[in-house]
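With the first letter of the sequence shown counted as 1, position 84 gets the number 83 in numbering that gives the first Met the number 0; the numbers rise by one all the way through. Glycine included, each C-beta is placed from N, C-alpha and C at the ideal position. Just so we're clear, the structure is a prediction, and the values are computed from it rather than from any experiment. One structure below.
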Amino acid sequence: MGIEVPTLQTALAIALASIPALLTVLWSIWQHNKRIEDVRDVLRSETVAKASELLASQREIGQRLETIGYRLGRIEEDVKGQSRVVEELRKLVSEASQNAKISEAEWRVDRERNRVLSELTQSLNEYLEDCLRRLRLVEEELRANLRKNAE
0 MGIEVPTLQT
10 ALAIALASIP
20 ALLTVLWSIW
30 QHNKRIEDVR
40 DVLRSETVAK
50 ASELLASQRE
60 IGQRLETIGY
70 RLGRIEEDVK
80 GQSRVVEELR
90 KLVSEASQNA
100 KISEAEWRVD
110 RERNRVLSEL
120 TQSLNEYLED
130 CLRRLRLVEE
140 ELRANLRKNA
150 E
């Protein structure tokens, strides 16, 4: 026995009525995927910028180490007990202390960025899982309606 025309029309109407809801969910998923890509692009550019900064910082530290080595060599040649020797050592200690503070601050920034990225990724994954769950529910409803109308 064939499917009656009104039943087929009803099934088609239900399917067509469900299309906007499906499109809305798909659009929402696409927007969130786009946001994820935007965040990744920003993080990539920030990572590249940070890497460039760190390389420049390493070069500067290398130059400072050469300068420090030169200064130490000069200081060792100077007469012991001179106030100039004591002042140079104070400057070196101050520079080393500043370098340590900069490294600690960079570490804290990196740790915070990683924490925020982890939270964002987790939140987006939860949202996408929820969207997939809703899509499956819509799919189940459509299948149930089609079976119902086929009977």
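Can you grab the Cα-Cα spacing for the pair E138 / R110, in whole Å?
42 angstroms
Relative to the C-alpha of R133, which candidate in T23, L11 and T6 has its C-alpha closest?
T23
Closest by C-alpha distance to V38, when choosing among L116, I67, T66 and E150
L116
Rounded Cβ spacing between T6 and N144 (contact assumed at less than 8 angstroms)
Wrong, their Cβ atoms sit about 11 angstroms apart, outside the cutoff.
Which of the three DSSP states, helix, strand or coil, is assigned to E128?
helix
Contact check, C130 vs I28 under 8 angstroms by CB: the rounded distance?
5 angstroms
Between the CA atoms of E125 and E140 - distance to the nearest angstrom
23 angstroms
Spatial neighbours of R34 within its chain, please: CB distance less than 8 angstroms, with the 5 preceding and 5 following residues excluded, ordered by chain position.
L123
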